[in-house]
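Here is the structure we will look at.
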Amino acid sequence: MCGRYELHTHPAAIALAFGLSSPPALRPRYNIAPMQPVPIVRQNSAGQRVLSEMRWGLVPRWAKDPSIGAKLINARGEGIAEKPAFRSAFQWHRCLLPADGFYEWKAVEGGKRPYLVVSRNGAPLALGGLYERWLAPDGQVLDTCTIVTTEANDLLRDVHDRMPLIIAPEDYARWLDRSTSAVTDLIAPYPSDALDVHPVSARVNAVKNDDSSLLERVDEAPAEEAPDPIPDDVDVPEQQSLL
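Numbering of the sequence shown is given in my numbering, commencing with residue 1 and proceeding in unit increments.
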């Protein structure tokens, strides 16, 4: 499961890494949680890569109630092309979620301990995702997304048995290509030697904590109760800017 991540890379570097025509208007965020607006990179109808803001928690186009999004923050990669909630988005609406790292919680005696996973070379990661547009009965539009997950690699298996799908730069074009769904071979654990993992402060458990100190390595602190995937302190306004 992937329930928190962070993104602080300079917008110009994001534009360069993801092939965007101009730097996006993003601020550093160190504790991104489900049901918040997040930046995604997608391919538009003209074949150009664009950055859009969408709420994290997929609402399928056929859903009667948008609250289902809270249950669809992740899409298990195995069999994704056949699952009713994801098969349409997998075929037509794949995206990338830029991230500098993601958090996972390790079950230990007395609770769970948070860890941060980052790229070993310091480059931003591209989390594989899906997106959908949902139309409310009154005509209002809600754009949402989810993060695809796969089994953990050898590095992370001791922390958690799942990890987000990470797309390598050389595969961005294939993953984003709306003309094909022949990308199931990309749904695989990212190489262990390309990632680093270290324990971080339990302050990350609270979404209200959103500062760069959350990224710092700490000693193996006492375990605490793990946060809920959708914490009570997440602010979920109808519209919220990333600025």
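Even for Gly, the Cβ is constructed at its ideal location relative to N, Cα and C.
Legend entry - Contact the region 151-162 vs the region 119-129: 3+ CB pairs below 8 Å: The answer is no - the region 119-129 does not touch the region 151-162, with fewer than three Cβ pairs under 8 Å.
Inset, instruction - With DSSP collapsed to three states, give me the class of PRO39. - result: Taken through DSSP and simplified to helix, strand or coil, PRO39 comes out as strand.
Inset, instruction - To the nearest angstrom, report how far apart LEU165 and TYR190 are at their CA atoms. - result: Cα to Cα, LEU165 sits roughly 7 Å from TYR190.
Legend entry - ILE14 - containing alpha helix (DSSP H), residue span: First-last of the alpha helix (DSSP H) with ILE14: 11-18.
Inset, instruction - Would you check if the region 138-146 and the region 172-188 touch, i.e. whether three or more CB-CB distances between them fall below 8 Å? - result: When C-beta atoms of the region 172-188 are compared with those of the region 138-146, fewer than three pairs fall below 8 Å, so the two segments do not count as touching.
Inset, instruction - Taking only the alpha-carbon atoms, compute the straight-line gap between VAL117 and SER201 and give it to the nearest angstrom. - result: Just so you know, the alpha carbons of VAL117 and SER201 end up roughly 13 Å apart.
Legend entry - Boundaries of the beta strand (DSSP E) in which TRP134 is found, first to last residue: Counted as a single uninterrupted DSSP element, the beta strand (DSSP E) harbouring TRP134 occupies residues 125-135.
Inset, instruction - Provide the residue span of the beta strand (DSSP E) that contains TYR282, from first to last. - result: Outside the modelled stretch of the chain, which goes from 1 to 243, sits residue 282, for which no answer is possible.
Inset, instruction - With a threshold of 16 other CB atoms inside 10 Å of the CB of LEU195, please say whether the residue is buried or exposed. - result: That one is buried.
Legend entry - VAL236 versus SER213 - alpha carbon distance: Summary for VAL236: the model assigns pLDDT 40, below 50, so the residue's position carries little reliability, and this model does not support an answer.
Inset, instruction - Could you tell me which residues DSSP pairs with ILE73 in its beta bridges? - result: Residue pairing from DSSP leaves ILE73 without any beta-bridge partner.
Legend entry - Cβ neighbour criterion (16 or more within 10 Å) applied to TRP56: TRP56 comes out buried.
Legend entry - ASN121, DSSP secondary structure in three states: It is coil, neither helix nor strand.
Inset, instruction - Under 8 Å by Cβ, that's how I've got CYS2 and THR149 pegged, so tell me the actual separation to the nearest angstrom. - result: Indeed, because the Cβ distance is near 6 Å, the residues count as touching under 8 Å.
Inset, instruction - Indicate the three-state DSSP secondary structure (helix, strand or coil) for GLU151 in the structure shown. - result: Looking at GLU151 - three-state DSSP - the assignment turns out to be strand.
Legend entry - Buried/exposed call for ALA85, threshold 16 Cβ in 10 Å: Burial state of ALA85 is buried, judged by a 10 Å Cβ sphere holding 16 or more other Cβ atoms.
Inset, instruction - Could you please give the first and the last residue of the uninterrupted beta strand (DSSP E) stretch that includes SER52? - result: Here the beta strand (DSSP E) through SER52 covers 49-56.
Inset, instruction - Would you mind sorting ASP193 into buried or exposed? The rule is 16 or more other CB atoms within 10 Å of its CB. - result: With a threshold of 16 other beta carbon atoms within 10 Å, ASP193 falls short and is exposed.
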